[in-house]
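Asker: Before anything else, here's the structure in question.
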RNA sequence: GGGCCCGUAGCUCAAUCGGAUAGAGCAUCAGCCUUCUAAGCUGAGGGUUACGUGUUCGAUUCACGUCGGGCCUACCA
């Protein structure tokens, strides 16, 4: 409908400005739902942005434009000029009734779109190394990433969720050593546990498992790998379990090590050398980032012979391109902001279209406990694990909490509030609307209400009814724009509003009455609301309870 | 020093990539259940959108500056 209207508007404008380029002003041309209902169902600023070109005042030009519009009276009830020159449009009820029918007909597919055109898309998120349980901070990335993936799937993208990890390197060695020391401790040795080792209780648990299985027979074992491997296995297992509790599943776990094994790392360095983008200095290999817009050149291989993180990151991203992904999304925490410019520069240097890489940065989660900010570190083990959080408030609340805010904003997570007031969490407001509808439908069935195949929608004329339909009808618009902007929080907000419109309708009007026709129409409206809520919950990854 | 993000009601956050009267939740106060779920609804109070300048029909939004907070700024990942 919006597209249709846009074309009609552009046609009208072209009558006055023949060379008017819709694309050139598309950034300024807005057709949208006004904030206030009294300003209609759709509004456009076309008269204001183009008035200068025709040397007319906006209101007058708006009037002339309106006279050129050829609007279908079946769908448009009224057009009005308002304020400085807005043109406001009102839909007919008939339009809303048609949309209501569409919602019910499309059911669980209502809101699914094809704008992605099956484009091969990869989204990488979480990507925490297996050195400890996932923290609340990881949780934000996990939930955002999965929800964005869901949104893209609803838009018709072919999405692969991927988790990148590194099980080599210093941190992992430290992890293995930490387990070994705890193991020795448990087998009766006198151990001085260094402060910079992993302090968490989970290290002791892993050590205990080794004691249970092997007794003290590993004491003399010189193969330190046993401890590291065991730690990695157990921790990864836990991470996957935690993610599963949030209904997050990755299609691919990508091990950084494979990039060394298959020669990808070397080949990147060689290509850089060939293109004269790498050079040796002080025993290290440097990447000429400064030549590609970076601030300074960066080390890619240390003088010890070990690559820095940049090199495998570049190789990994090249691998993504080689696998044929056309849209590559990286969701990173704010602590990684500095890393991606080098990666992007590297890819560009290798001849890839860096515009296909979309880097999303989410800000940190600050944990507030007893009014104080808790500094978190995996090694110091003073973090709140994601698992503990799920234990406290449940998976639905965790998911909703992490998507209800823009990823640009720093998230303050007040633990006390989350625990003691979880019953007042906004997610219940949404779910309650769904459960309430389910209950009404159960009641209707128990009363023997027969649902008409062709409800008389035209009986829905009350403001609360029309407002609700108007809201429901826009669901696909939100699915599309939230995906286009990688911005799931607005969908959460939309659903919150939708629940509100339903609650208002419910309080004003009885659904099941003696009037069979009206009952049938209102049940249909309830069903449509339930469909939109359910589809929205699916995208957000929260459950749609039939009872609460 | 430089880069990124943020600053909006007592608190936590919105405001559909420049729109019309800046909105929700929590907290406070006052109302609404013998009828389909009161985890709900209705109403009240609460704001110089950190501050200043600029851009224009129009600024919470954009540009520049100041102040304040977070993160980054490794031959750590």
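Residue numbers (my numbering): 4 to 551. Heads up, the beta-carbon is just placed ideally off N, CA and C, and yes, glycines get one too.
1) So is residue 256 buried or exposed if we call it buried at 16+ other beta carbons inside 10 Å?
2) Is there contact here, the stretch 476 to 496 with the stretch 529 to 547, by at least three beta-carbon pairs under 8 Å?
3) For residue 117, which of 509, 492 and 486 has the nearest alpha-carbon?
4) Please state the DSSP three-state secondary structure of residue 310.
5) For residue 133 and residue 242, what's the separation of their Cα atoms in angstroms?
6) Where residue 357 and residue 523 are concerned, what is the direct C-alpha to C-alpha distance, given to the nearest angstrom?
7) In this structure, does DSSP put residue 333 in helix, strand or coil?
8) Which partner residues does residue 164 have in the DSSP bridge list?
9) With DSSP as the reference, please indicate the residues paired to residue 1 in a beta bridge.
10) Under a Cβ-count criterion, where at least 16 other Cβ atoms within 10 Å of its own Cβ denotes burial, should residue 6 be classed as buried or exposed?
11) Just the C-alpha distance for residue 43 and residue 4, rounded to the nearest angstrom, thanks.
12) Excluding the 5 residues preceding and the 5 following residue 156 in the sequence, name in chain order all residues of the same chain whose CB lies nearer than 7 Å to its CB.
13) Going by the beta-carbon positions, is the gap between residue 388 and residue 105 smaller than 8 Å?
14) Could you pull out every residue in the same chain whose Cβ sits closer than 8 Å to the Cβ of residue 272, ignoring the five residues on either side in sequence?
15) Tell me residue 417's beta-bridge partners as DSSP assigns them.
16) Within the stretch 415 to 480, note down every full alpha helix (DSSP H) run reaching 4 residues or more, in order along the chain.
17) Mind checking whether residue 253 and residue 125 have CB atoms under 8 Å apart?
18) Kindly indicate the opening and closing residues of the beta strand (DSSP E) around residue 361.
19) Less than 8 Å between the C-beta atoms of residue 543 and residue 245, yes or no?
20) Could you have a look at residue 304 and say whether DSSP puts it in helix, strand or coil?
21) Classify residue 47 as helix, strand or coil using the three-state DSSP reduction.
22) Does residue 443 pass the burial test, meaning 16 or more other C-beta atoms within 10 Å, or should it be called exposed?
23) Mind listing, in chain order, the continuous alpha helix (DSSP H) runs of no fewer than 4 residues lying wholly within the stretch 29 to 116?
24) Under the assumption that residue 128 contacts residue 148 (Cβ atoms under 8 Å), give the Cβ distance between them as a whole number of angstroms.
25) Check each candidate in 300, 503 and 550 and name the one with the smallest Cα separation from residue 446.
26) Once you ignore the five residues that flank residue 239 on each side, which residues in its own chain have a CB closer than 7 Å to its CB?
27) Of the choices 173, 340, 323 and 402, whose alpha-carbon is the least far from that of residue 123?
28) Per DSSP, residue 488 forms a beta bridge with which residues?
29) Of the choices 12, 235 and 79, whose alpha-carbon is the least far from that of residue 136?
Answerer: If we stick to the structure as given:
1) Here the question's residue 256 lines up with position 253 in the first chain. Its Cβ having fewer than 16 others within 10 Å, residue 256 is exposed.
2) They touch, by the three-pair rule.
3) The residue given as residue 117 occupies position 114 in the first chain. Ranking the options by Cα distance to residue 117, first place goes to 486.
4) Against the first chain, residue 310 aligns to sequence position 307. Residue state, collapsed to three classes: strand.
5) Along the first chain, read from residue 1 onward, the residue named residue 133 stands at position 130. Along the first chain, read from residue 1 onward, the residue named residue 242 stands at position 239. About 8 Å.
6) Within the first chain, residue 357 is the residue found at index 354, counting from 1. Within the first chain, residue 523 is the residue found at index 520, counting from 1. Going from the Cα of residue 357 to the Cα of residue 523 covers about 54 Å.
7) Taking the first residue of the first chain as position 1, residue 333 is located at position 330. When secondary structure is reduced to three states using DSSP, residue 333 falls in the strand class.
8) Position 161 of the first chain holds residue 164. Partner residues in the beta bridge of residue 164, as assigned by DSSP, are 126.
9) The question about residue 1 has no answer here: the residues shown for the chain are numbered 4 through 551.
10) Mapped onto the first chain, residue 6 falls at position 3. Residue burial is scored here from C-beta neighbours: residue 6 has fewer than 16 other C-beta atoms within 10 angstroms and is therefore classed as exposed.
11) Locating residue 43 in the first chain gives position 40, counting from the first residue. Locating residue 4 in the first chain gives position 1, counting from the first residue. If you take the alpha carbons of residue 43 and residue 4, they lie about 15 Å apart.
12) For the purposes of this step, residue 156 is taken as residue 153 along the first chain, with counting starting at 1. Residues 162 of the same chain have their beta carbon placed closer than 7 Å to that of residue 156, with the five preceding and five following residues left out of the count.
13) One-based indexing of the first chain puts residue 388 at position 385. One-based indexing of the first chain puts residue 105 at position 102. Residue 105 sits away from residue 388, with the two beta carbons spaced by 8 Å or more.
14) The residue labelled residue 272 in the question sits at position 269 within the first chain. So the qualifying residues of the chain are 281, 288, 303, 304 and 314.
15) As a working mapping, residue 417 is identified with position 414 in the first chain. 371, per the DSSP bridge assignment.
16) Along the stretch 415 to 480, the alpha helix (DSSP H) occurs as fully enclosed runs of 4 or more residues at 418 to 423, 429 to 449 and 466 to 476, listed in sequence order.
17) Taking the first chain and counting its residues from 1, the one referred to as residue 253 is at position 250. Taking the first chain and counting its residues from 1, the one referred to as residue 125 is at position 122. A distance of 8 Å or more separates the beta carbons of residue 253 and residue 125.
18) As a first step, residue 361 must be located in the first chain, where it is residue number 358. It spans 360 to 365 - the beta strand (DSSP E) in which residue 361 sits, taken as one unbroken run.
19) As a first step, residue 543 must be located in the first chain, where it is residue number 540. As a first step, residue 245 must be located in the first chain, where it is residue number 242. Taking 8 Å as the Cβ cut-off, residue 543 and residue 245 do not qualify as a contacting pair.
20) In the first chain, residue 304 corresponds to position 301, counting from 1. Three-state DSSP puts residue 304 in a strand.
21) Residue 47 sits at position 44 when you count from the first residue of the first chain. In the structure shown, the three-state DSSP call for residue 47 is strand.
22) Position 440 of the first chain, counted from the start, is the residue given in the question as residue 443. Around the beta-carbon of residue 443, 16 or more other beta-carbon atoms lie within 10 Å, marking it buried.
23) As far as the stretch 29 to 116 is concerned, its whole alpha helix (DSSP H) runs of at least 4 residues are 49 to 57, 61 to 71 and 96 to 109.
24) Position 125 of the first chain, counted from the start, is the residue given in the question as residue 128. Position 145 of the first chain, counted from the start, is the residue given in the question as residue 148. The pair is a contact, with the Cβ atoms about 3 Å apart (cut-off 8 Å).
25) Along the first chain, read from residue 1 onward, the residue named residue 446 stands at position 443. When only C-alpha atoms are compared, the closest one is 550.
26) Counting from one through the first chain, the residue named residue 239 turns up at place 236. Same-chain partners within the cutoff: 133.
27) Walking along the first chain from the start, residue 123 turns up at place 120. Of the listed residues, the one whose Cα sits closest to residue 123 is 323.
28) Looking up residue 488 in the first chain gives position 485. Under DSSP, residue 488 shares a beta bridge with no residue.
29) The residue labelled residue 136 in the question sits at position 133 within the first chain. Among 12, 235 and 79, the Cα nearest to that of residue 136 belongs to 235.
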